[in-house]
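Since the structure comes first, as structure tokens, the remarks are kept for the end.
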Amino acid sequence: MGYKKPSFIENIAEKLGVIPNLHKEGYQEFDKDMCQFSDEEVAKMYENFPPPEKWDNWQEYNPKVWPRKEKKTYQIVPTTCFNCESACGLTAFIDKETQEVKKFEGNPYHPGSRGRNCAKGPASINQVTDPDRILFPLKRKGKRGDGEWDRVSWDEVLDTIATRIRKAILEDRHNEIAYHVGRPGNEKFMNWILQGWGIDGHNSHTNICSSGARFGYNLWYGYDRPSPDHAEAKFILLVSAHLESGHYFNPHAQRIIEGKMKGAKLATMDPRLSNTASMSDYWLPSYPGTEAAVLLAMALIILEEGLYNRNYLENWTNWKEYLKARHSDKEITFENYIAAMIDEYKEFTPEYAEKESGVKADMIVEIAHKIGEAGERFASHNWRAAGASNLGGWAVARCLHFLTVLTGAVGAKGGTSPNSWNKFKPTQPNPPAPQKKWNELHFPKEYPLAFFEMSQLLPHFLKEGRGKMDVYFSRVFNPVWTYPDGFTWMEMFSDETKFGLHAALTPTWNETAFFADFVLPMGLASERHDLNSYATHGGTWIAFRQPVLREAARRNGKPVKLTYEVNPGEVWEEDEFFIELSWRIDPDGSMGIRKTFESPYRPGEKITIDEYYQYIFERVKGLNETAKADGFTGQFAALEYMKKYGAYEIEKGESYKMNENQLTDEQLKGSKVDPINDVISKDGKGIGVMINGKPCVGFPTPSRKNEFYSQTMVDWKWPEYATPTYIKSHIHNDVLDKSKGEYVLVPTFRLPTLIHSRSGNAKWLVEISNRNPIWMHPDDAKKWGFQTGDLVKLNTDIGYFIDKVWVTQSMKPGVVACSHHIGRWRRPQDQTGNRWATNTVNIEGDGKGGWRMNTISGIKPYDSSDKDSKRIFWKDGGVHQNITHAVHPDPISGMHTWHQRVKIEKPNEGEKYGDIFVDTNKSHEIYKEWLAMTRPAPGLNGERRPLWFNRAFTPDKSEGGCYYIPKKEQ
Ligand code: SF4
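In my numbering, the protein residues as written are 116 to 1085.
Spelled out as structure tokens, the structure:
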């Protein structure tokens, strides 16, 4: 702000010492330059980021010594944020004198975030300076989980792990090696590593995150995520709290607001009045799990009132296949297609949708009209939210995409594109062949359509003896805390016959690392390399996460060989760790592993990190030329450009309607066209489709079109879901017994300031958000006699937890909710970590599957190198709710369905805040109940999963190979 004279009240407050004297002489002097500027002019100054030519010698005043004027000189080095999946640009301000990172700001050269960040971006500095962070590799002593550790060398770590992996591979025990990641990054880096080892060893968190919605989208058009073009949209429908959290949240939020400023209307479907809903033009407080009914009601209105895009439906949906399969008595005409759809959805009247969801019929009609009017400029998104919470949650994304298809907004400007159209795919050096192994601990036969690994069931698979993990890496992954049923994870981690060696690759302590054999500190966002590209808008970009001190050292003429030479302590980085480990697994190259990790420029020698990224960057369209134009000339020009700017825009936003791109003559050579469905195929694979006489690329589905009718669902034994459907959730009102106090708990929402278990070491963030009470509507609170702050006992299917009530009108009546970030803990024997956020708890098992946790003490001030740790004023660290949830894998998509049926009670005498009980025998029974709902593989030809479905780390697809179940096992 520009200079302002003190007000009367300020004058008095300053004189009384209630506030500091902001108008004393020093301040006036300091601020006099600013007096001549208006507020608007000052605001403009803040928009101006230091120009890149000054990034090596940038001076600004040190705010810490204010009002004294003291100039500091910084080096500014770009990198990317790791506090959510958006990978927004950051710039590190490094004190030139001390070579310490002092702060992080945005990077205006990053095309996704454009210089802006949410609170979690700048808070990366807290993570760097966290006094509790792990600085050296550690090895457990005593029993696993006892909490005692010895410092070891990286050499010992690498040799121990490499020897064990080598032995497993040589003994054909490939499936006993796994890398289990929570928040990935590293476009394709781990594919390169694990496929280089020839193992099917990737496990991910995706089935507790987004795979439900992915499955719904994939069925339609072969892409598993949407890329909404919010900034150009006329109407935006969010089935999530996407303005404040969710995937690509800050970049999307900017563009949603841009769209709104240009006149777009925003609707949000959410049982909570989230910050997103409060910024919307329409809030649809739907009962959880009924979203698909509302969306189908909108679809019916659009169909009945002729608001659909006839041209798009006629050309780009597989309607002829649908009529043939479902209405063989009818003539195949477009009119009959529309009539059949209207008939199929006739029960989904607005009144029926209102009865199911509680959303007013009038509002459903109004929004259907708005969507119809927006036409191609209809943008929408469902990330976790409903898709991640309900039995059949995947059907929500499928029904949402139905609206996108009806309006012809698929891939249109202002519409919703497939995510892959706005995402870069790297070309890596020495690409390994797909592995010839299939790991049934990740993709078991029972879940052939599961969109990602059935990671939430791993402990149950191990418990019932389906296999073991000999070498298991956990990375940015904390299942004991983040996953449902954490006590079963704890039981399995404690058993060395289930997990032979567990290496936790983590910069900070967490509830899972307590049960590891090695704890290996990997760099934070600004301490390692990584490559990012995400679908943030209608354009494509790449960003380069780099260890900023390493880059500063290089600029200062003191280059280092390995990143841990500049990082604090011996904190290393994953890229270099895995390259080194790969060489030690196969030191003489005889296993065929080493060759993947040799330099593409210096044959036979170990690839360096610079070579790996240069190889990728020099193949990015236009980057070499841009680097040259910026003055970079040598062999590593593309890499140097990325080191300087941290990001590159590959394409600005012309990637619309790419399904209409035409196949080239070269591509068409040797192809044939199916006379019935017009699909163009070559070598037995679909490559396009004839549309109005033109050979178009189409979509990667069997029909090359949007599949309103899915033969795949029929072939894989789910004919009742061949077309978009509403599936009643496991927490549908019909299932709950309200007379017994049964409610639905929404445990999925994110607070904008926190991120799962990764933000516990960021003091600014925890200072803002440090409790997770139960949101309850006043009507429900009255019924139960609760007031804000009262204790409430929530009984789940396997146990209970005791939390506090927050009475708020922001919650839909009949539904309760609890944020999932809070309730972190450590036991007295554990190493101190995340003390801004962790309760100290006592955990006791009865040896028969019964586990109790109670809080010994909350969060307390403590002495450390950070003075703020003595100023902690919050005491309440919240409650760990996920550990009381049973696994509920959707039998089709494999997604864990997060919503919980809970029985609400007042706690019994003696029960305290934070008390938790779980019976892991019950959780195993519930696992079996849900397993019994599946319809296992094989497919028609013995396949483990539909060949056209993408699969993470795709194994070899040759006929008769690992993608097929051997006859004797079928
Ligand atoms: S949205 Fe926030 S947390 Fe996520 S990457 Fe961007 S700045 Fe970081």
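Each residue gets a CB set at the ideal place from its N, CA and C atoms; glycine is no exception.
A contact is defined here as three or more CB-CB pairs under 8 Å, and the stretch 1014 to 1022 fails this definition with respect to the stretch 937 to 953. Proximity of the beta carbon of Ser884 to ligand 1 is not indicated: no heavy atom of the ligand is located closer than 7 Å. Per the Cβ contact rule, the stretch 866 to 874 is not in contact with the stretch 425 to 442 (fewer than 3 Cβ pairs under 8 Å). Rounded to the nearest whole angstrom, the CA to CA distance from Pro810 to Lys528 is 22 Å. When Cβ pairs closer than 8 Å are counted between the two stretches, the stretch 497 to 513 is seen to touch the stretch 325 to 336, the count reaching three or more.
Taking the C-beta atoms as reference points, Val931 is found nearer than 8 Å to Tyr858. Relative to ligand 1, the beta carbon of Asn198 is positioned inside 7 Å of a heavy atom. Between the stretch 238 to 256 and the stretch 660 to 675, the count of C-beta pairs closer than 8 Å stays below three; the two stretches do not touch. Counting other Cβ atoms within 10 Å of its Cβ, Asn177 stays below 16 and is therefore classed as exposed. By DSSP's assignment, Asn957 forms a beta bridge with Asn969.
Beta bridge pairing from DSSP links Glu1020 with Lys908. Residue range 449 to 459 is occupied by the alpha helix (DSSP H) that includes Met456. The beta carbons of Ser535 and Gly653 sit no closer together than 8 Å. Taking 8 Å as the cut-off, the Cβ atoms of Ile846 and Pro400 do not count as close. When beta bridges are read from the DSSP output, Phe1032 appears opposite Tyr915, Arg967. Beta-bridge analysis with DSSP links Gly801 to Ser796.
When DSSP states are grouped into helix, strand and coil, Ile889 belongs to the strand group. With contacts defined as CB atoms closer than 8 Å, Pro559 and Thr603 fail to qualify as a contacting pair.
Remark: the shortest separation between the CB of Ala202 and any heavy atom of ligand 1 falls under 7 Å.
Check the Cα spacing between Leu521 and each of Lys583, Ala412, Asn554: the tightest is with Ala412. Closest by C-alpha distance to Gly257, out of Pro121, Thr651, Trp833, Phe633, is Phe633. With fewer than 16 other Cβ atoms from the protein chains shown falling within 10 Å of its own Cβ, Gly378 counts as exposed.
Ser472 and Thr405 have their C-alpha atoms some 5 Å from each other. When Glu755, Asn1036, Val267 are compared, the shortest CA-CA separation from Gly684 is found for Val267. Counting C-beta atoms within 10 angstroms of its own C-beta, Leu285 has fewer than 16 neighbours from the protein chains shown and is therefore classed as exposed.
A straight-line Cα-Cα distance of about 11 Å links Tyr452 and Phe823. With contacts defined by Cβ atoms closer than 8 Å, Ile917 and Asp1030 form a contacting pair. The beta carbons of Pro549 and Asp1071 sit closer together than 8 Å.
For Ser495, the enclosing beta strand (DSSP E) covers residues 493 to 496. In this structure, the CA atom of Asp983 is about 41 Å from the CA atom of Asp396. Note on Ser1038: 16 or more other CB atoms within 10 angstroms of its CB, so buried under the neighbour-count rule. In this structure, Pro893 sits near Gln924, with a CB-CB distance shorter than 8 Å.
Secondary structure at Leu411: helix, using DSSP grouped into helix, strand and coil.
For Gly768 and Thr1069, the gap between their C-alpha atoms comes out near 30 Å. Gly230 has its Cβ no nearer than 7 Å to any heavy atom of ligand 1.
Rounded to whole angstroms, the separation of the alpha carbons of Glu481 and Lys349 is 15 Å.
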